[in-house]
Amino acid sequence: MPDNSSRPSNSLGLVNSADFDTAKNYDQNRFASRRMKKLDEFERQFARYVYTLVGDDAAVLDVPCGNGRFYDIFSQAKHVTMADYSENMVKACRERYAIGTNVDLIQADITSLPLVDCSVDLSFCMRLFHHMKTDEIRLAAMKELARVSRKYVALSFYNSHCLRYFRKTLLGKKISGVYIPFMQLLKLADAAGLECVSRRPQLNIVEQQCMVVFKKK
Ligand SMILES: C[S@@+](CC[C@H](N)C(=O)[O-])C[C@H]1O[C@@H](n2cnc3c(N)ncnc32)[C@H](O)[C@@H]1O
């Protein structure tokens with residue numbers, strides 16, 4: 009284990025510590041069970057859907073890109089920026105794919121992206137909001153996703169209105185990830201200048217994962 013005690017952490021309190029092997033195998037390990045394989049497919053369907061909103065002529069931002077789970081979908085766009093705070097995730101992407109000339113792969117923090125205002129058609133953020141502990145951080149991230157986009161922002165979060173969350177809370181079980189109600193996310197989006205276009209699923213019943221498309225007001 010690397011000693012990160014003296015290293016600065018990013019806006020989410022993450023120290024840049026994922027080792028290269030963990031980064032390389034992130035999606036294989038994370039989406040190994042039957043339940044997680046289904047979720048992986050659900051999330052990939054969502055990515056394909058949001059991509060159809062902007063089309064091949066678009067510029068897309070995928071942050072955090074992790075080890076490139078959505079590379080095959082977004083790399084069809086005219087231009088893609090793939091960004092992640094972890095240097096090893098960025099390195100894992102570079103090793104995994106023959107990165108096209110239409111793709112910029114960069115190390116960056118979601119709350120301070122090195123992109124100019126309105127430079128992409130879609131900002132896409134999968135599986136990061138449930139790591140954010142405060143509304144202040146969520147709002148900073150949303151504002152930054154909105155700032156760089158001229159049209160859409162798509163993101164996932166853990167919806168607290170679902171059976172899995174109620175059950176865990178009731179049984180006093182360990183809850184990993186931060187869950188919030190959809191209304192709380194909508195209020196933050198409003199403050200970031202975004203309005204909701206659609207969400208998947210329409211209603212969370214068992215699973216917490218909720219994916220939302222916003223457009224700029
Ligand atoms: C759960 S993974 C999701 C990766 C990818 N979106 C996916 O769904 O496969 C979370 C990622 O967020 C990255 N990350 C954590 N804090 C970040 C920050 N402040 N800015 C950008 N990326 C961050 C981590 O390095 C990690 O790769």
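Going by this note's numbering, the letters in the sequence shown line up with residues 9 to 225, in that order. Each residue gets a CB set at the ideal place from its N, CA and C atoms; glycine is no exception.
- Contact between the region 133–152 and the region 69–83 is present, with at least three C-beta pairs closer than 8 Å.
- A straight-line Cα-Cα distance of about 19 Å links S19 and L193.
- Closest option to I118, judged by alpha-carbon separation, among V111, L163, G108: L163.
- For V156, the enclosing alpha helix (DSSP H) covers residues 143–156.
- For T30, the shortest separation between its Cβ and any heavy atom of ligand 1 does not lie below 7 Å.
- Setting aside the 5 residues that flank it on each side, V88 is surrounded in the same chain by V68, F82, V111, each with a C-beta closer than 6 Å to its C-beta; the list follows chain order.
- A distance below 8 Å separates the beta carbons of Q84 and D64.
- Around Y105, the same chain offers G76, Y79 as residues with beta carbons nearer than 7 Å, after the five sequence neighbours per side are excluded.
- Boundaries of the beta strand (DSSP E) harbouring K223: 217–224, taken from the DSSP string.
- Uninterrupted beta strand (DSSP E) stretches at least 3 residues long and entirely within the region 84–145 occur at 87–92, 111–115, 128–133, given in chain order.
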